[in-house]
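**Q** Residue numbers (the numbering used here), protein chains in the order written: chain A, 473 to 739; chain B, 2 to 265. Even for Gly, the Cβ is constructed at its ideal location relative to N, Cα and C. Take a look at the following structure, please.
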Amino acid sequence: MVSAVELSAVSKEFVARDRRVLAIERIDLSVARNEFAAILGPSGCGKSTLLNMVAGFQRPTTGRILVDGAPVEGPDPRRGVVFQEAALFPWYTVLDNVTFGPKTRRMPAGQYRPKVAMLLELVGLRGFERYYPAELSGGMKQRVGIARVLVMEPEVLLMDEPFGSLDAQTRSVMQELLLSVWERQHQTVLFITHDIEEALLLADSVSVMTARPGRIKARIVVDLPRPRPFEVTTSPRFNELKRQVLALVREESLRAATRVEPGGSLE
Amino acid sequence: MTARRALWSLALPIALLALWYVAVRERWVTEGIIPPPAQVAASWYTWIFGSPTRSLSPYSGTWLANVVYSTRRVIEGFLLAAAFGIPLGILIGWNRLVARLVDPSIQLLRPVPITAWLPFAIAVFGIYDASALFLIGLGAFYPIVVNTTHGVRDTNLLLLRAARMLGAGPLTVLFKVVFRSTLPSIFTGLRLGIGVAWTAVIVAEMIAVKSGLGYVLWDAYYVGRMDICVATMFSVGLLGFLSDQVILRVSRLVLRWRTLEAHA
Numbered sequence: 473m474v475s476a477v478e479l480s481a482v483s484k485e486f487v488a489r490d491r492r493v494l495a496i497e498r499i500d501l502s503v504a505r506n507e508f509a510a511i512l513g514p515s516g517c518g519k520s521t522l523l524n525m526v527a528g529f530q531r532p533t534t535g536r537i538l539v540d541g542a543p544v545e546g547p548d549p550r551r552g553v554v555f556q557e558a559a560l561f562p563w564y565t566v567l568d569n570v571t572f573g574p575k576t577r578r579m580p581a582g583q584y585r586p587k588v589a590m591l592l593e594l595v596g597l598r599g600f601e602r603y604y605p606a607e608l609s610g611g612m613k614q615r616v617g618i619a620r621v622l623v624m625e626p627e628v629l630l631m632d633e634p635f636g637s638l639d640a641q642t643r644s645v646m647q648e649l650l651l652s653v654w655e656r657q658h659q660t661v662l663f664i665t666h667d668i669e670e671a672l673l674l675a676d677s678v679s680v681m682t683a684r685p686g687r688i689k690a691r692i693v694v695d696l697p698r699p700r701p702f703e704v705t706t707s708p709r710f711n712e713l714k715r716q717v718l719a720l721v722r723e724e725s726l727r728a729a730t731r732v733e734p735g736g737s738l739e
Numbered sequence: 002m003t004a005r006r007a008l009w010s011l012a013l014p015i016a017l018l019a020l021w022y023v024a025v026r027e028r029w030v031t032e033g034i035i036p037p038p039a040q041v042a043a044s045w046y047t048w049i050f051g052s053p054t055r056s057l058s059p060y061s062g063t064w065l066a067n068v069v070y071s072t073r074r075v076i077e078g079f080l081l082a083a084a085f086g087i088p089l090g091i092l093i094g095w096n097r098l099v100a101r102l103v104d105p106s107i108q109l110l111r112p113v114p115i116t117a118w119l120p121f122a123i124a125v126f127g128i129y130d131a132s133a134l135f136l137i138g139l140g141a142f143y144p145i146v147v148n149t150t151h152g153v154r155d156t157n158l159l160l161l162r163a164a165r166m167l168g169a170g171p172l173t174v175l176f177k178v179v180f181r182s183t184l185p186s187i188f189t190g191l192r193l194g195i196g197v198a199w200t201a202v203i204v205a206e207m208i209a210v211k212s213g214l215g216y217v218l219w220d221a222y223y224v225g226r227m228d229i230c231v232a233t234m235f236s237v238g239l240l241g242f243l244s245d246q247v248i249l250r251v252s253r254l255v256l257r258w259r260t261l262e263a264h265a
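Here's what the structure looks like:
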């Protein structure tokens with residue numbers, strides 16, 4: 473069976489001020505269809521770069537990225553991206569943001585209108601259609617960001633720390649929302665995060681990345697039963713997995729913190 | 002509360018008016034050169050509404066005609082500048098090749114003051130409206146094109162990515178994202194541009210054409226009518242202020258999404 477997302481020997485090098493920085497080194501990663509895969513790593517490990525390459529915003533320096541067996545050439549609505557800051561169009565209302573994709577694709581209104589209404593209901597934004605992003609809270613903006621992508625019925629959902637900038641309470645509400653959406657539609661998800669509990673609560677598998685240059689250090693299968701209520705975070709199995717992942721992450725954080733950057737200065 | 006605020010705003014103008022009045026009456030300024038406020042007001046009134054006894058005077062009832070001349074030139078030159086400046090600014094900001102081709106020339110020509118173009122304009126276009134339009138248009142063009150270019154370059158990369166990820170092609174991105182996100186900068190350029198347009202129209206009318214407020218200003222100075230000069234200055238100031246207010250109101254309407262606040 474073809475994987476939904478398949479990375480083979482993907483490396484990414486940046487050139488910054490005549491200095492080459494290897495952000496990602498030979499990553500092999502395979503996400504099965506309908507799998508919720510989390511990528512967990514310390515900040516600056518290149519996990520966003522990884523997602524940007526799958527999204528088609530950036531090209532790998534070497535290696536190959538296949539989505540549904542076809543190489544990634546550029547951004548495509550079949551690969552919906554939810555950004556860390558919702559990245560809504562501030563000059564459009566909630567409704568215009570959500571219908572941006574269908575309208576751009578010249579979808580007939582009769583086809584997308586019921587879907588948009590259903591999605592806005594699903595993410596709890598009914599009655600906010602005419603609001604502008606500036607009038608919404610961070611969590612609500614992110615809901616719009618999710619609805620805007622879901623309306624395109626993507627095969628793969630790429631999420632780049634989507635709840636990273638939300639406060640703790642809003643974040644857990646959003647995680648529950650995402651779970652309920654996902655358990656209904658079962659898209660393939662690639663979810664970037666630095667939050668261990670978030671990764672374990674949401675994902676089928678957690679791939680832990682190393683500090684720069686980013687590599688996949690280990691892949692842990694999260695065998696917690698679904699549907700997962702929020703209380704699962706207090707179960708013994710959850711804690712066991714958490715301990716396991718924490719150990720891996722701590723190793724990397726320590727390595728990153730003690731290492732002296734080549735060319736960098738110690739002040 | 003509003004009355005109190007209005008009082009604060011009016012305090013300085015009233016003080017300046019008082020200073021002017023006292024300076025003339027106490028002869029702090031050379032007698033006969035600077036007219037007192039009351040004389041300016043009276044002359045301005047006659048200039049606007051006319052006077053039956055002086056119906057042949059060029060400063061009787063001719064105010065509106067001159068205001069219309071100048072305003073029309075400003076609007077035409079300004080629209081011309083916007084029509085060229087906005088699309089060109091977007092192209093320069095959007096396309097590296099266009100930037101390399103056009104931007105250096107604009108940056109080199111921009112420091113040439115609009116006044117320095119006067120002889121050139123008259124030589125090429127003659128003592129006609131075209132001269133004035135050229136000067137006004139050129140003057141207003143620079144701030145519009147420069148601000149538009151900056152606005153395009155400041156477009157948030159994430160929004161560009163979001164649009165492309167949602168299936169937008171280059172044209173959709175240009176019109177629905179880049180242009181929309183550049184609008185605040187475009188309006189900044191337009192506001193600066195209209196200011197330059199009023200400066201340019203006065204300069205142009207002083208020398209390159211024979212009508213409008215700039216012409217009256219220079220002519221009145223030659224025949225020693227300083228009261229009319231001052232009245233003209235006030236008129237231009239008022240018109241400049243009003244035209245800026247118009248653009249400001251339009252921009253607030255168009256950019257309503259920027260001034261909103263979260264109530265969720």
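What does Ala542(A) pair with, by DSSP beta-bridge criteria?
**A** Start at 1 with the first residue of the first sequence, and residue 542(A) comes out as number 70. Answer is Val539(A), bridged to Ala542(A).
**Q** In the DSSP assignment, find the beta strand (DSSP E) that holds Thr660(A) and state where it starts and stops.
**A** Start at 1 with the first residue of the first sequence, and residue 660(A) comes out as number 188. Counting along the chain, the beta strand (DSSP E) containing Thr660(A) begins and ends at Thr660 to Thr665.
**Q** With 9 Å as the limit, tell me which residues of the stretch 515-548 of chain A have their beta carbon closer than that to any beta carbon of chain B; keep them in chain order.
**A** Those residues of the stretch 515-548 of chain A that come within reach of chain B (Cβ to Cβ, closer than 9 Å) are Asn524, Ala527, Gly528, Phe529, Gly546, Pro547 and Asp548.
**Q** When the Cα atoms are used, what is the spatial distance from Arg643(A) to Val146(B)?
**A** One-based indexing of the first sequence puts residue 643(A) at position 171. One-based indexing of the second sequence puts residue 146(B) at position 145. Distance between the alpha carbons of Arg643(A) and Val146(B): 43 Å.
**Q** In terms of residue numbering, what span does the alpha helix (DSSP H) encompassing Ala481(A) cover?
**A** Counting from one through the first sequence, the residue named residue 481(A) turns up at place 9. It is not in any alpha helix (DSSP H) - Ala481(A) instead sits in the beta strand (DSSP E) that spans Val477 to Ala488.
**Q** Can you list, in chain order, the residues of its chain with a C-beta nearer than 6 Å to that of Glu633(A)? Leave out the 5 residues immediately preceding and following it.
**A** As a working note, residue 633(A) is residue 161 in the first sequence. Closer than 6 Å at Cβ, skipping near neighbours: Gln556, Ile664 and Thr665.
**Q** In the DSSP assignment, find the unbroken alpha helix (DSSP H) run with Phe180(B) in it and report its ends.
**A** Mapped onto the second sequence, residue 180(B) falls at position 179. It spans Phe180 to Ile208 - the alpha helix (DSSP H) in which Phe180(B) sits, taken as one unbroken run.
**Q** For Glu724(A) versus Ala675(A), is the C-beta distance shorter than 8 Å?
**A** By one-based count along the first sequence, residue 724(A) stands at place 252. By one-based count along the first sequence, residue 675(A) stands at place 203. No, these two residues do not count as a Cβ contact at 8 Å.
**Q** In the DSSP assignment, what are the bridge partners of Thr682(A)?
**A** Here the question's residue 682(A) lines up with position 210 in the first sequence. Note: Thr682(A) sits in no beta bridge, so no partner.
**Q** Between which residues of its own chain and Gly736(A) is the CB-CB distance below 6 Å, once the five residues before and five after are set aside?
**A** By 1-based counting over the first sequence, the position of residue 736(A) is 264. Only weak support exists for where Gly736(A) lies, its pLDDT of 40 falling under 50; the coordinates are left without a value.
**Q** At a CB distance below 7 Å, what residues from the stretch 559-579 of chain A approach chain B? Give them in sequence order.
**A** Of all residues in the stretch 559-579 of chain A, Ala559, Phe561, Pro562, Trp563, Phe572, Gly573, Thr576 and Arg577 have a Cβ within less than 7 Å of some Cβ in chain B.
**Q** Going by DSSP, what residue range makes up the alpha helix (DSSP H) through Gly617(A)?
**A** Residue mapping note: residue 617(A) aligns to position 145 of the first sequence, counting from 1. Gly617(A) -> alpha helix (DSSP H) spans Gly610 to Leu622.
**Q** Could you please give the first and the last residue of the uninterrupted beta strand (DSSP E) stretch that includes Asp104(B)?
**A** On the second sequence, position 103 is the one that residue 104(B) refers to. From DSSP, Asp104(B) is part of no beta strand (DSSP E) but of the alpha helix (DSSP H) over Arg97 to Leu110.
**Q** On the DSSP bridge assignment, give the partners of Arg491(A) in chain order.
**A** By one-based count along the first sequence, residue 491(A) stands at place 19. Per DSSP, Ala488(A).
**Q** Whole angstroms is fine: what's the gap from Ala640(A)'s alpha carbon to Leu184(B)'s?
**A** Walking along the first sequence from the start, residue 640(A) turns up at place 168. Walking along the second sequence from the start, residue 184(B) turns up at place 183. C-alpha separation (whole angstroms): 36 Å.
**Q** Trp258(B) touches chain A at which residues, Cβ-Cβ below 7 Å?
**A** Position 257 of the second sequence holds residue 258(B). Within 7 Å Cβ-Cβ: Pro562, Trp563, Tyr604 and Ala606.
**Q** In the DSSP assignment, find the beta strand (DSSP E) that holds Phe508(A) and state where it starts and stops.
**A** In the first sequence, counting from the first residue as 1, residue 508(A) sits at position 36. Start and end: Phe508 to Leu512.
**Q** Output, in chain order, the set of chain B residues within a Cβ distance shorter than 8 Å of Phe555(A).
**A** Sequence index remark: in the first sequence, residue 555(A) carries index 83 (1-based). Simply Leu159, Arg162 and Ala163.
**Q** Under 7 Å Cβ to Cβ from Ser132(B), same chain only, skipping five residues before and after it: list those, please.
**A** If you number the second sequence from 1, residue 132(B) lands on position 131. So the list reads Ala122, Ile123, Phe126, Ala205, Ala209 and Val210, once near-sequence residues are dropped.
**Q** For the stretch 554-570 of chain A and the stretch 524-533 of chain A, state whether three or more C-beta atom pairs, one from each stretch, are separated by less than 8 Å.
**A** The stretch 554-570 of chain A, when compared against the stretch 524-533 of chain A, does not touch it at the 8 Å Cβ threshold.
**Q** For Gln614(A), count neighbouring Cβ atoms within 10 angstroms of its own Cβ and tell me buried if that reaches 16, exposed if not.
**A** Working through the first sequence from its first residue, we reach residue 614(A) at position 142. Result: buried.
**Q** Rounding to the nearest angstrom, what Cα-Cα distance links Pro745(A) and Pro562(A) in this structure?
**A** This structure cannot settle anything about residue 745(A), because the visible part of chain A is limited to 473 through 739.
**Q** In terms of residues, what are the limits of the alpha helix (DSSP H) holding Met590(A)?
**A** The sequence position of residue 590(A) within the first sequence is 118, counting from 1. First-last of the alpha helix (DSSP H) with Met590(A): Ala581 to Leu594.
**Q** Name the DSSP beta bridge partners of Ala690(A), please?
**A** Translated into the one-based positions of the first sequence, residue 690(A) becomes position 218. Note: Ala690(A) sits in a beta bridge opposite Val680(A).
**Q** Beta carbons nearer than 8 Å to chain A: which residues of the stretch 175-193 of chain B have them?
**A** Within the stretch 175-193 of chain B, the residues whose Cβ lies closer than 8 Å to some Cβ of chain A are Lys177, Val178, Arg181, Ser182 and Leu184, listed in chain order.
**Q** Taking DSSP as the reference, what is the three-state secondary structure of Asp220(B)?
**A** The residue labelled residue 220(B) in the question sits at position 219 within the second sequence. Looking at Asp220(B) - three-state DSSP - the assignment turns out to be helix.
**Q** Given that a residue counts as buried once 16 or more other Cβ atoms are within 10 Å of its Cβ, and exposed if not, what is Pro574(A)?
**A** Against the first sequence, residue 574(A) aligns to sequence position 102. Buried: at least 16 other Cβ atoms inside 10 Å.
**Q** Expressed to the nearest angstrom, what Euclidean distance is found between the alpha-carbon atoms of Ala265(B) and Met590(A)?
**A** Here the question's residue 265(B) lines up with position 264 in the second sequence. Here the question's residue 590(A) lines up with position 118 in the first sequence. With a pLDDT of 48 at Ala265(B), under the threshold of 50, the predicted position of this residue should be treated as unreliable, though the coordinate-derived value follows. Ala265(B) and Met590(A): Cα-Cα distance of roughly 21 Å.
**Q** Does the beta-carbon distance from Val757(A) to Val616(A) come in below 8 Å?
**A** Lying outside 473 to 739, the shown extent of chain A, residue 757(A) is not represented and no answer is given.
**Q** What is the DSSP secondary structure of Ser502(A), counted as helix, strand or coil?
**A** Taking the first residue of the first sequence as 1, we reach residue 502(A) at position 30. The answer is strand: DSSP assigns Ser502(A) an E or B state.
**Q** Just to confirm before moving on: does the CB-CB distance between Ser52(B) and Ser61(B) stay below 8 Å?
**A** As a working mapping, residue 52(B) is identified with position 51 in the second sequence. As a working mapping, residue 61(B) is identified with position 60 in the second sequence. Closer than 8 Å, so yes.
**Q** May I ask which residues mark the beginning and end of the alpha helix (DSSP H) holding Asp568(A)?
**A** The sequence position of residue 568(A) within the first sequence is 96, counting from 1. Segment Val566 to Val570, the alpha helix (DSSP H) holding Asp568(A).
**Q** State whether the stretch 94-113 of chain B contacts the stretch 229-243 of chain B, with contact taken as three or more CB pairs (one from each stretch) at a distance under 8 Å.
**A** The answer is no - the stretch 229-243 of chain B does not touch the stretch 94-113 of chain B, with fewer than three Cβ pairs under 8 Å.
**Q** Between the beta-carbon of Pro36(B) and the beta-carbon of Met227(B), is there less than 8 Å?
**A** Numbered from 1 along the second sequence, position 35 holds the residue referred to as residue 36(B). Numbered from 1 along the second sequence, position 226 holds the residue referred to as residue 227(B). A contact, by the Cβ cut-off of 8 Å.
**Q** Any heavy atom of the ligand ADP closer than 7 Å to the Cβ of Thr149(B)?
**A** The ligand content of the structure shown is nil, which means the ligand ADP is not present either.
**Q** Does the contact criterion of 3 or more C-beta pairs under 8 Å hold for the stretch 171-183 of chain B versus the stretch 148-156 of chain B?
**A** Result yes; three or more Cβ-Cβ pairs closer than 8 Å.
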